[in-house]
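K.L.:
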Amino acid sequence: MTTTIWQTHEYIRLSAGFVEEMMRYRRRIFIEKLALQLAAGACLACVFFLVAPRCVGADPLAGIIFSLGRNWQRVALAVGSLWALSALAGVGLAFVRPQGAMLVPLAAMSGLCLRSASLRPWLWEYGEHLQHLYMSMVFEVLAGAMVVFVAGCILDGARRWATDNGWSPLWQEPFEGEEADGVNITHVGPDHQFLGLFAGIGQTIRGLTGRGNATEAKQARSTVIGLVLSVAVGLVLTVILLKSPLRGQVVFAVFAAFLLATWIVQYVSPMRAMAAILLSPILGGLVFYALASFSLRGVTGPQSWLSVKLYAQPLPIDWLLAGTAGAMVGAWVSHRMIETSYMEKVVEDGQDTKESINE
């Protein structure tokens, strides 16, 4: 009898603690969402009105392709803006999820995509050398990938610096390290917890090379499979969503395609390494540009631009900024949904157990 009373009291205490923790969690994610929306909106407005007009080339009707304009001041402005926003987001948003913090500078710099004109004037100008045009765009995507990677490193370092200097607490998974009656309350498991940029890359390499433990090997395989699936699903969705060469439609298609692709794939084969999520739209752009270059081999003449497929008309900045921003949104949303559903299940299980004991 004494044991039953003690068990009932213990389960009531745990259930009350879970409910209270759930209420704190809901307030926490509300603050997180509000902070990200305000930060991304304010930074996007600044980039769109202040930075993007200065990044447009000599021909305002031609899309922004830095490697063709050869104006290094525009390149320096765009790169410096992304890195500066990454540092600010790292310091000011250390308390949010890493993929959420990375979303802010990428979404803000997507103002370049919204301000840019279309690819068509470049297709007209390079009608006799379309392969050269696409090789230049491949080079820009590769160079831009390094810029985005450095931005991720800056954000990762800024988050640690802000935490070490007491500016802001670093994001931690809810209930991290707590257990109750054999139920591990650390999100849905380590497969869905995100690592910093370097930590994610390091663990993936250790897992693939056999230098890590069995868990790291499993997570590394999941990350690689998830990356491949994200690229494949993102490309398919881009083709489905891209119905015209209008700039708004192109930016939306790339953004939405990789948002949905990352969201879906995180349930199938989670990618813990944020670098893999950043890489998926960049690889997608390279695949499409390679297909376009191959299909346009030998195509010349004043009407050659008509042979360019819709999937080959997004600009490099679309894959590097709008695509990666969409992938970060997909990762952030899926992480929150999985986390919330798991925590609600824990609370419900605790309540059900309490009721069964009382009966």
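Numbering-wise (our numbering), the sequence shown opens with residue 39 and increments by one.
The beta carbon of each residue, even a glycine, is placed where N, CA and C say it ideally should be.
DSSP state of Ala-132, grouped into three classes?
P.N.:
The residue labelled residue 132 in the question sits at position 94 within the sequence shown. Three-state result, Ala-132: coil.
K.L.:
Work out the CA separation of Val-303 and Ile-223 for me, nearest whole Å.
P.N.:
Position 185 of the sequence shown holds residue 223. Position 265 of the sequence shown holds residue 303. Annotation note: pLDDT 34 at Ile-223 (below 50); position unreliable, coordinate value reported separately. Roughly 23 angstroms between the two C-alpha positions.
K.L.:
Determine the closest residue to Gln-75 out of Gln-351, Pro-136, Leu-141 and Cys-93, with distance taken between C-alpha atoms.
P.N.:
Position 37 of the sequence shown holds residue 75. Checked all of Gln-351, Pro-136, Leu-141 and Cys-93; the closest Cα to Gln-75 is Leu-141.
K.L.:
So the alpha helix (DSSP H) Ala-291 belongs to, where does it begin and stop?
P.N.:
By one-based count along the sequence shown, residue 291 stands at place 253. Run containing Ala-291: 285–306, per the alpha helix (DSSP H) assignment.
K.L.:
Between the Cα of Met-309 and those of Leu-265, Thr-362 and Arg-64, spot the shortest distance and give me the residue it belongs to.
P.N.:
By one-based count along the sequence shown, residue 309 stands at place 271. Ranking the options by Cα distance to Met-309, first place goes to Leu-265.
K.L.:
Report the three-state DSSP secondary structure of Ala-189 (helix, strand or coil).
P.N.:
Within the sequence shown, numbered from 1, the residue matching residue 189 stands at position 151. Correct three-state label for Ala-189: helix.
K.L.:
Keeping to the same chain, check which residues put their C-beta closer than 8 angstroms to that of Pro-283; ignore five residues upstream and five downstream.
P.N.:
By 1-based counting over the sequence shown, the position of residue 283 is 245. If we look at Pro-283 and ignore the five residues flanking it on each side, its Cβ neighbours are Ser-156, Leu-157, Arg-158, Leu-348 and Gln-351.
K.L.:
Residues in the same chain with beta-carbon distance under 7 angstroms from Ile-67, minus the five sequence neighbours each way, listed in chain order, please.
P.N.:
Position 29 of the sequence shown, counting from 1, holds the residue named residue 67. For Ile-67, where only same-chain residues beyond five positions count, the Cβ hits under 7 angstroms are Arg-374.
K.L.:
Is the number of C-beta pairs between the region 250–270 and the region 287–306 that are closer than 8 angstroms three or more?
P.N.:
Yes, the region 250–270 touches the region 287–306.
K.L.:
Under 8 angstroms by Cβ, that's how I've got Leu-279 and Ala-294 pegged, so tell me the actual separation to the nearest angstrom.
P.N.:
Start at 1 with the first residue of the sequence shown, and residue 279 comes out as number 241. Start at 1 with the first residue of the sequence shown, and residue 294 comes out as number 256. Right, their Cβ atoms sit about 6 angstroms apart.
K.L.:
By alpha-carbon positions, which one of Met-147, Gly-107 and Asp-97 ends up nearest to Ala-83?
P.N.:
As a position in the sequence shown, residue 83 is number 45, starting the count at 1. Ala-83 has its Cα closest to that of Met-147, out of Met-147, Gly-107 and Asp-97.
K.L.:
Could you give the DSSP three-state label for Trp-199: helix, strand or coil?
P.N.:
The residue labelled residue 199 in the question sits at position 161 within the sequence shown. Three-state DSSP puts Trp-199 in a helix.
K.L.:
Taking DSSP as the reference, what is the three-state secondary structure of Ala-328?
P.N.:
Along the sequence shown, read from residue 1 onward, the residue named residue 328 stands at position 290. Residue state, collapsed to three classes: helix.
K.L.:
Taking only three categories from DSSP, how would you classify Lys-347?
P.N.:
Taking the sequence shown and counting its residues from 1, the one referred to as residue 347 is at position 309. Note: Lys-347 maps to coil in three-state DSSP.
K.L.:
Just verifying my parser: in three-state terms, what is the DSSP assignment at Trp-205?
P.N.:
Position 167 of the sequence shown holds residue 205. Three-state result, Trp-205: coil.
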